[in-house]
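Asks: Here it is, the structure, as structure tokens.
In the numbering used here, the protein residues as written are 214 to 537.
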């Protein structure tokens, strides 16, 4: 029996060592460390382009402001334009497929279906080419800036880059500072109302508001203001010059007072075309296609609240008698 003790100890040590190694993932293949495809300073990016099949978008930056030069200009959302650059900078490959691919055709990279190009102020160009899907769902073959290496790239990394033209557009035509707002007037086809702040010295969320002759608490007034602030579109904007607003059916006036007590009035005009109201701030370059239903909802905010529903068994108010 004593002769078996060393053997038993050895077996126990082996089992313990195997368990420890397994718990530390010693037997699993370690993924390649995540390394950015390129080191890029986002402030040095002068332009970028997105080529997806036959569609191409080109963005250029000047004095910190982005402009869409292809396929056509639009009012841009700065966060979307800047966010695209950050997504490109953070790109990293998932797995090398061929470190020195001689033939790119089997990977769909001889004529890539997607190309994303970033140009720096010094003229350096970084290009990501995306080819055919990999057998593993959710990945595509890709290569970067002329390197012969073909690697796998997760679709979750390229999705933020495959934006359409409308994805870059600022879709909200109204930008309100609630603390500067003193009054707003809405006139839609003769349906008119005025919302006025009662106490100008209070915060917007503290002051009562007047809607016609009705007094609203701040929370209720905010819901009315939100209807204007949250007007949005999913269609491409048009130049205001293309839309005839000489006889508008909608007029919105917003009275503002800034910190220096300077008062200004912003005017928005709208003209209905079928189910759309082309909506533009007076003096603005752009007109936005707002659903007519959204404009009607805004106009209806001026209606007095409906009386409470009559519950069963509750006595009804006596109707006045007709004059004799």
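Where is the CB? At the ideal position from N, CA and C, for every residue including glycine.
Please read these numbers as outputs of a predicted model, since none were measured by experiment.
Check residue 440 in the structure and name its three-state DSSP category.
Replies: Here residue 440 sits in helix by DSSP.
Asks: Kindly provide the ranges of any beta strand (DSSP E) runs that are 3 or more residues long and lie completely inside the stretch 455-506, ordered along the chain.
Replies: List check, beta strand (DSSP E) in window: 463-470, 476-486, 489-494 and 499-504.
Asks: Among residues of its own chain, excluding the 5 on either side of residue 299, which ones have a beta-carbon nearer than 8 Å to its beta-carbon?
Replies: 255, listed in sequence order.
Asks: From residue 239 to residue 309, what does the alpha carbon distance come to, in whole angstroms?
Replies: The predicted position of residue 239 is uncertain, since its pLDDT is 48 and thus under 50; a value taken from the coordinates is nonetheless stated next. Roughly 22 Å separates the two Cα atoms.
Asks: Measure the beta-carbon distance from residue 288 to residue 383 and round it to whole angstroms, keeping in mind my assumption that it falls under 8 Å.
Replies: Their Cβ separation, rounded to whole angstroms, is 5 Å, which keeps residue 288 and residue 383 in contact under 8 Å.
Asks: So is residue 512 buried or exposed if we call it buried at 16+ other beta carbons inside 10 Å?
Replies: Classification for residue 512: buried.
Asks: Can you give me the Cβ contacts of residue 509 inside the same chain, cut-off strictly under 6 Å, excluding the 5 residues immediately before and after it?
Replies: None.
Asks: Taking the DSSP output, what are the residues bridged to residue 346?
Replies: Note: residue 346 sits in a beta bridge opposite 353.
Asks: For the alpha helix (DSSP H) containing residue 299, list its first residue and its last residue.
Replies: First-last of the alpha helix (DSSP H) with residue 299: 291-302.
Asks: Going straight from the alpha carbon of residue 335 to that of residue 252, what length do you get?
Replies: So the two alpha carbons sit approximately 14 Å from each other.
Asks: If you drop the 5 nearest sequence neighbours on each side, which residues of the same chain put their C-beta closer than 6 Å to that of residue 476?
Replies: Once the five neighbours on either side are set aside, the close Cβ partners of residue 476 are 470.
Asks: Could you check what DSSP says for residue 255 in three-state terms: helix, strand or coil?
Replies: In this structure, residue 255 counts as helix in the three-state DSSP scheme.
Asks: Between 486, 411 and 428, which has its C-alpha nearest residue 456's C-alpha?
Replies: Ranking the options by Cα distance to residue 456, first place goes to 486.
Asks: With a floor of 4 residues, list each alpha helix (DSSP H) that falls wholly inside the stretch 303-345, ordered by position along the chain.
Replies: List check, alpha helix (DSSP H) in window: nothing returned.
Asks: Which residue wins for smallest C-alpha separation from residue 359, given the options 373, 312, 395 and 397?
Replies: Nearest C-alpha to residue 359: 312.
Asks: Compare the Cα-Cα distances from residue 393 to each of 371, 409 and 493 and report the closest residue.
Replies: For the residues 371, 409 and 493, the minimum Cα distance to residue 393 belongs to 409.
Asks: Beta-carbon separation of residue 332 and residue 258 under 9 Å?
Replies: A contact, by the Cβ cut-off of 9 Å.
Asks: Who pairs with residue 396 in a beta bridge, going by DSSP?
Replies: Its beta-bridge partners are 409 and 468.
Asks: Near residue 269, what residues of its chain come up, given a Cβ to Cβ distance below 6 Å and the 5 sequence neighbours on each side ignored?
Replies: If we look at residue 269 and ignore the five residues flanking it on each side, its Cβ neighbours are 283.
Asks: Would you mind sorting residue 322 into buried or exposed? The rule is 16 or more other CB atoms within 10 Å of its CB.
Replies: Residue 322 comes out buried.
Asks: Is residue 513 near the ligand NAD - that is, is its Cβ less than 8 Å away from at least one heavy atom of it?
Replies: You won't find the ligand NAD in this model; it holds no ligand whatsoever.
Asks: Given that a residue counts as buried once 16 or more other Cβ atoms are within 10 Å of its Cβ, and exposed if not, what is residue 489?
Replies: Answer is buried; the Cβ neighbour count reaches 16.
Asks: Residues in its own chain within less than 7 Å of residue 406 by CB, not counting five upstream and five downstream?
Replies: Excluding residues within five positions, the ones whose Cβ falls inside 7 Å are 399, 424, 425 and 515.
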